[in-house]
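J.: Going down the list, the protein sequences come from chains U and W. Sequential numbering of the first sequence, starting at 671, is according to this note's numbering. Sequential numbering of the second sequence, starting at 16, is according to this note's numbering. All residues carry an ideal CB built from backbone N, CA and C; glycine is no exception.
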Amino acid sequence: MFDWLYQPWPWYVAGPLIGLFVPLLFVFGNKQFGISSSLRHTCATFASKTIPYFNYSWKQEGLWNLLFVGGVVIGGFLGGWVFANPEPIALSAATISDLTALGVRDFEGFLPGDVFSWGNVLTWRGLLIMLVGGFLVGFGARYADGCTSGHAITGLSNLQLGSLLAVAGFFAGGLIITHLIFPLIL
Amino acid sequence: MAHAKYVVFGILFGFVLTKAEVISWFRIQEMFRFQAFHMYGVIGAAIVVGMISVQIIKRFNVKDIHGDPITITPKDPKQVYRYLIGGTLFGFGWALTGACPGPLFALLGSGLTIMLVPIAGALAGTYVYGLLQHKLPH
Numbered sequence: 671m672f673d674w675l676y677q678p679w680p681w682y683v684a685g686p687l688i689g690l691f692v693p694l695l696f697v698f699g700n701k702q703f704g705i706s707s708s709l710r711h712t713c714a715t716f717a718s719k720t721i722p723y724f725n726y727s728w729k730q731e732g733l734w735n736l737l738f739v740g741g742v743v744i745g746g747f748l749g750g751w752v753f754a755n756p757e758p759i760a761l762s763a764a765t766i767s768d769l770t771a772l773g774v775r776d777f778e779g780f781l782p783g784d785v786f787s788w789g790n791v792l793t794w795r796g797l798l799i800m801l802v803g804g805f806l807v808g809f810g811a812r813y814a815d816g817c818t819s820g821h822a823i824t825g826l827s828n829l830q831l832g833s834l835l836a837v838a839g840f841f842a843g844g845l846i847i848t849h850l851i852f853p854l855i856l
Numbered sequence: 016m017a018h019a020k021y022v023v024f025g026i027l028f029g030f031v032l033t034k035a036e037v038i039s040w041f042r043i044q045e046m047f048r049f050q051a052f053h054m055y056g057v058i059g060a061a062i063v064v065g066m067i068s069v070q071i072i073k074r075f076n077v078k079d080i081h082g083d084p085i086t087i088t089p090k091d092p093k094q095v096y097r098y099l100i101g102g103t104l105f106g107f108g109w110a111l112t113g114a115c116p117g118p119l120f121a122l123l124g125s126g127l128t129i130m131l132v133p134i135a136g137a138l139a140g141t142y143v144y145g146l147l148q149h150k151l152p153h
């Protein structure tokens with residue numbers, strides 16, 4: 671009866687549920703759905719007020735967003751630990767074969783454990799993928815004024831041209847890394 | 016305590032992200048290799064539901080639970096450079112880490128402490144953007 675808590679959800683269930691967070695936050699809080707603002711609010715808690723980008727009241731503007739992200743951590747704990755799917759993710763055979771050819775061996779969890787591990791942090795590959803990758807997520811999201819949630823979902827939902835440009839950029843960047851850079855570094 | 020509801024919404028969101036498997040580095044690779052429909056289905060369906068909701072909110076001037084008009088602040092459409100350059104840099108990071116900001120936090124919650132490294136990177140990237148903001152084309 672509670673199998674659905676453990677099993678992965680198909681796109682036609684999960685996708686609409688994700689979309690519902692847009693009206694949920696508008697109606698219950700008059701808030702605009704987006705995640706990467708939380709990175710700015712976190713920096714604003716300790717950054718010098720002489721930096722204009724961080725000179726605002728993070729408690730007033732951002733506390734809700736930080737609490738939301740804290741909730742996401744707990745949601746990940748429930749979905750990925752307490753009710754973790756015991757089966758490996760049903761990946762496309764073509765992806766597994768492409769990544770195997772690039773040297774990925776561990777297809778068990780959400781990430782390739784042979785790339786993402788504490789032992790790899792100080793290798794060039796580990797630094798590039800985990801630390802530089804993370805840096806670009808933060809820098810790029812704030813430069814673009816939004817990430818997948820703020821632009822691809824909220825922005826496109828509101829038919830914004832700027833968000834369409836940003837999403838085109840997200841994809842261009844992802845394709846470049848996947849097809850030109852991963853063959854060199856993975 | 017008025018803010019406690021956001022923790023609940025965040026928990027629900029993190030749970031859905033995890034069950035949708037969109038927090039999987041492998042799913043992101045499937046997407047950028049055009050080898051599965053899953054990610055396109057999730058993001059596409061989310062946009063359709065979001066779009067219908069926003070149009071209803073605008074068309075019928077839906078109020079929030081306190082009776083106030085809902086404010087939807089559009090991003091400035093004239094800032095073309097920031098969307099294209101910032102968006103592309105974000106795309107680099109998305110493919111490298113296999114995670115956008117929401118999944119970074121959901122993965123951490125699922126027990127993958129190694130995600131503290133990309134999260135630290137993302138905070139550093141945000142800080143550096145704050146320092147360079149006025150020197151970058153927007």
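Using 7 Å as the threshold, is the C-beta distance between U/G704 and U/G783 below it?
T.: Counting from one through the first sequence, the residue named residue 704 of chain U turns up at place 34. Counting from one through the first sequence, the residue named residue 783 of chain U turns up at place 113. Contact flag unset, no.
J.: Who are the Cβ neighbours of U/Q702 in its own chain at under 8 Å, not counting the five residues just before and after it?
T.: Here residue 702 of chain U is taken as the residue at index 32 of the first sequence, counted from 1. Within the same chain, U/Q702 has close Cβ partners L695, F696, G820, T824.
J.: Could you tell me whether the stretch 95–105 of chain W touches the stretch 766–778 of chain U, where touching means 3 or more Cβ pairs closer than 8 Å?
T.: The stretch 95–105 of chain W, when compared against the stretch 766–778 of chain U, does not touch it at the 8 Å Cβ threshold.
J.: State the Cα-Cα distance for the pair W/I67 and U/G741, rounded to the nearest angstrom.
T.: For this step, residue 67 of chain W is matched to residue 52 along the second sequence. For this step, residue 741 of chain U is matched to residue 71 along the first sequence. Cα-Cα distance, rounded: 26 Å.
J.: Does the stretch 709–726 of chain U come into contact with the stretch 134–152 of chain W, if we say contact requires no fewer than three beta-carbon pairs (one atom in each stretch) closer than 8 Å?
T.: Taking 8 Å as the limit for Cβ pairs, the verdict is that the stretch 134–152 of chain W does touch the stretch 709–726 of chain U.
J.: Looking at chain W, is there any beta carbon in it that lies within less than 7 Å of the beta carbon of U/M800?
T.: In the first sequence, counting from the first residue as 1, residue 800 of chain U sits at position 130. It does; some Cβ of chain W falls within 7 Å.
J.: When burial is assigned at 16 or more other CB atoms within 10 Å of the CB, is W/H18 buried or exposed?
T.: For the purposes of this step, residue 18 of chain W is taken as residue 3 along the second sequence, with counting starting at 1. W/H18 is exposed by the Cβ-count criterion.
J.: Check whether the Cβ atoms of U/V807 and W/G108 sit closer than 7 Å, and answer yes or no.
T.: On the first sequence, residue 807 of chain U is found 137 positions in, with the first residue counted as 1. On the second sequence, residue 108 of chain W is found 93 positions in, with the first residue counted as 1. Yes, the Cβ-Cβ distance between U/V807 and W/G108 is below 7 Å.
J.: Strictly below 7 Å CB to CB, what residues from chain W border U/G773?
T.: Taking the first sequence and counting its residues from 1, one reaches residue 773 of chain U at position 103. Here the premise fails: no neighbours, minimum Cβ distance about 13 Å.
J.: From the DSSP output, read off the bridge partner residues of W/K78.
T.: Mapped onto the second sequence, residue 78 of chain W falls at position 63. Answer is W/P84, bridged to W/K78.
J.: State the Cα-Cα distance for the pair W/A114 and U/T818, rounded to the nearest angstrom.
T.: In the second sequence, residue 114 of chain W corresponds to position 99, counting from 1. In the first sequence, residue 818 of chain U corresponds to position 148, counting from 1. For W/A114 and U/T818, the distance between alpha carbons rounds to 10 Å.
J.: Might you give, ordered along the chain, the residues of its own chain that have their beta carbon closer than 6 Å to the beta carbon of U/L736, omitting 5 neighbours on each side?
T.: Against the first sequence, residue 736 of chain U aligns to sequence position 66. The residues are S708, H711.
J.: Could you name the residues of chain W that U/L806 contacts, counting a contact when the two beta carbons are closer than 9 Å?
T.: Translated into the one-based positions of the first sequence, residue 806 of chain U becomes position 136. Here the neighbours are L104, F105, G106, F107, G108, W109, L111, T112, G136, A137, G140.
J.: Closer than 7 Å by beta-carbon distance: list the chain U residues that pair up with W/R74, in chain order.
T.: Residue numbering aside, residue 74 of chain W sits at position 59 when the second sequence is read from its first letter. Within chain U, no residue comes near W/R74; the closest Cβ sits about 13 Å away, beyond 7 Å.
J.: Just to make sure I have the definition right: I need the residues of chain W whose C-beta is within less than 7 Å of the C-beta of U/L845. Which are they?
T.: The residue given as residue 845 of chain U occupies position 175 in the first sequence. Within chain W, the residues near U/L845 are F47.
J.: Under a three-way DSSP split, which group does W/E45 fall into?
T.: Residue numbering aside, residue 45 of chain W sits at position 30 when the second sequence is read from its first letter. Reduced to three states, the DSSP call for W/E45 is helix.
J.: What is the DSSP secondary structure of U/T720, reduced to helix, strand or coil?
T.: Translated into positions along the first sequence, residue 720 of chain U becomes position 50. Correct three-state label for U/T720: coil.
J.: Inspect the CB distances between the stretch 17–32 of chain W and the stretch 833–847 of chain U and report whether three or more fall short of 8 Å.
T.: Too few Cβ pairs lie closer than 8 Å, so no.
J.: If we cut at 7 Å on Cβ distances, does U/Q730 have a partner in chain W?
T.: Stepping through the first sequence from its first residue, residue 730 of chain U is reached at position 60. Not an interface residue.
J.: Determine the burial state of U/V752: buried for a count of at least 16 other Cβ atoms within 10 Å of its Cβ, exposed for fewer.
T.: As a first step, residue 752 of chain U is located in the first sequence; it is residue number 82 there, counting from the start. With fewer than 16 other Cβ atoms within 10 Å, it is exposed.
J.: Determine the closest residue to U/L845 out of W/F49, W/F24, W/V23, W/E36, with distance taken between C-alpha atoms.
T.: Reading the first sequence from its first residue, position 175 is the one you call residue 845 of chain U. Checking every option, the nearest Cα to that of U/L845 belongs to W/F49.
J.: According to the Cβ coordinates, are W/D79 and W/I72 closer than 7 Å?
T.: The residue labelled residue 79 of chain W in the question sits at position 64 within the second sequence. The residue labelled residue 72 of chain W in the question sits at position 57 within the second sequence. Cβ atoms of W/D79 and W/I72: not closer than 7 Å.
J.: Does W/G25 have its Cβ less than 7 Å from a Cβ in chain U?
T.: As a first step, residue 25 of chain W must be located in the second sequence, where it is residue number 10. So yes, W/G25 belongs to the interface.
J.: For the stretch 32–46 of chain W, which residues have a beta carbon sitting closer than 9 Å to at least one beta carbon of chain U?
T.: Hits within the stretch, in order: L32, T33, K34, A35, E36, V37, I38, S39, W40, F41, R42, I43, Q44, E45, M46.
J.: Just to confirm before moving on: does the CB-CB distance between W/L111 and U/I799 stay below 7 Å?
T.: As a position in the second sequence, residue 111 of chain W is number 96, starting the count at 1. As a position in the first sequence, residue 799 of chain U is number 129, starting the count at 1. Yes; because the gap between Cβ atoms is below 7 Å, this pair is in contact.
J.: Suppose contacts are defined by Cβ-Cβ distances below 7 Å. Is W/G124 in contact with U/V743 by that definition?
T.: Along the second sequence, one-based indexing puts residue 124 of chain W at 109. Along the first sequence, one-based indexing puts residue 743 of chain U at 73. Result yes, Cβ atoms of W/G124 and U/V743 sit closer than 7 Å.
J.: Less than 7 Å between the C-beta atoms of U/S706 and W/P116, yes or no?
T.: Position 36 of the first sequence, counting from 1, holds the residue named residue 706 of chain U. Position 101 of the second sequence, counting from 1, holds the residue named residue 116 of chain W. Their beta carbons are under 7 Å apart, which means U/S706 touches W/P116 by this criterion.
J.: Since W/I62 contacts U/S718 with CB under 8 Å, what's their CB separation in whole angstroms?
T.: For the purposes of this step, residue 62 of chain W is taken as the residue at position 47 of the second sequence. For the purposes of this step, residue 718 of chain U is taken as the residue at position 48 of the first sequence. W/I62 to U/S718, Cβ: 38 Å. No contact.
J.: Under 7 Å between beta-carbons, which chain A residues line up against W/K150? List them in chain order, please.
T.: Within the model displayed, chain A is absent; protein chains U and W are what it includes.
J.: Please state whether the Cβ-Cβ distance between W/A121 and U/G746 is less than 7 Å.
T.: The residue labelled residue 121 of chain W in the question sits at position 106 within the second sequence. The residue labelled residue 746 of chain U in the question sits at position 76 within the first sequence. Taking 7 Å as the Cβ cut-off, W/A121 and U/G746 qualify as a contacting pair.
J.: Taking 7 Å as the CB-CB cut-off, is W/G117 touching chain U?
T.: Position 102 of the second sequence, counted from the start, is the residue given in the question as residue 117 of chain W. True, the Cβ-Cβ gap to chain U drops below 7 Å.
J.: What did DSSP end up calling U/G773 once you bin it into helix, strand or coil?
T.: Position 103 of the first sequence, counting from 1, holds the residue named residue 773 of chain U. Three-state result, U/G773: coil.
J.: Alpha carbon to alpha carbon, how far is U/T793 from U/A822?
T.: Numbered from its first residue, the first sequence carries residue 793 of chain U at position 123. Numbered from its first residue, the first sequence carries residue 822 of chain U at position 152. One C-alpha to the other measures close to 33 Å.
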